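Have a look at the structure below, then the notes.
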Amino acid sequence: MKNIILLLCAAIILQSCYYPVRKDYGIYSKSLVFSKDKKWLINNINTDVNSQHRELMSKEILHLFNEMSGGKATDLKTAKSENLIHNHIPSDPQPEDLEVLKNSSDYNYLVNVYTFKVRNALDNTIGMQSQYKTNETFAMMDVYDITTLKKIYSFKAYSEVAVDKDQKVTVFTPRTEMMTMKNFRSLIKSVRKNAIKTDTSL
């Protein structure tokens, strides 16, 4: 009997922690093409997570693109320290921003990652709720072809957790920080899963 109660409690906890991550590629392909002669520049991540998670994101993105490209990825911080890049790159670059990159560097692609906590009504509350509340976050990755000055990839991963009136918010209810990281890791998984490598030596 005790084991049954424990299993029921565990099932309730797991159910309260589960929420789907929705995915949207818009009009773009799910796949990025990697070859050993193409160089990738990883822009600074635009995010509202804490500094520890921001650092983790930066490391994971750089590792991913170096793994996929055979070591041909550089983050903006490193590129600036080595005087390869001198200008700020916005998270939503315009053709003129890409034109500057095209004329002043030998990078082929620019990778932008940003996240946003849309709603965080459940983050600082616990117990029975008197009204409907939600947490909602998203993470997005855009890739630009610097040669053609065009966006070639866009993937958005987003999630929402809702609690109705007269339902409880518990310590197991997902907070936006955790949701953001889960969305972010969906970006990583998608790139790795759908990558196309044009050179077997990568």
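In the numbering used here, each residue carries its 1-based index in the sequence shown increased by 207.
C-beta: ideal position from N, C-alpha, C; glycine also.
Nothing here was measured: the structure is a model prediction, and the numbers come from that model.
query, result
"Nearest-angstrom Cα separation, counted from V240 out to E289", "27 Å"
"Complete alpha helix (DSSP H) runs within the stretch 291 to 372 (minimum length 4 residues, chain order)", "302 to 311"
"Beta-carbon proximity of D352 to Y314, cut-off 8 Å", "no"
"Rounded separation between K372 and W247 - CA only", "48 Å"
"Local conformation of L263 per DSSP, three classes", "helix"
"Straight-line gap, N330 to M264 (C-alpha atoms, nearest Å)", "Inspection of the sequence shows that residue 330 is occupied by Asp rather than by Asn. Each residue's Cα considered, the two are about 21 Å apart."
"Helix, strand or coil at A280 according to DSSP, with G and I counted as helix", "strand"
"Cβ contact check for the stretch 384 to 401 and the stretch 337 to 354: 3 or more pairs under 8 Å", "yes"
"C-alpha gap between V376 and Y225, whole angstroms", "14 Å"
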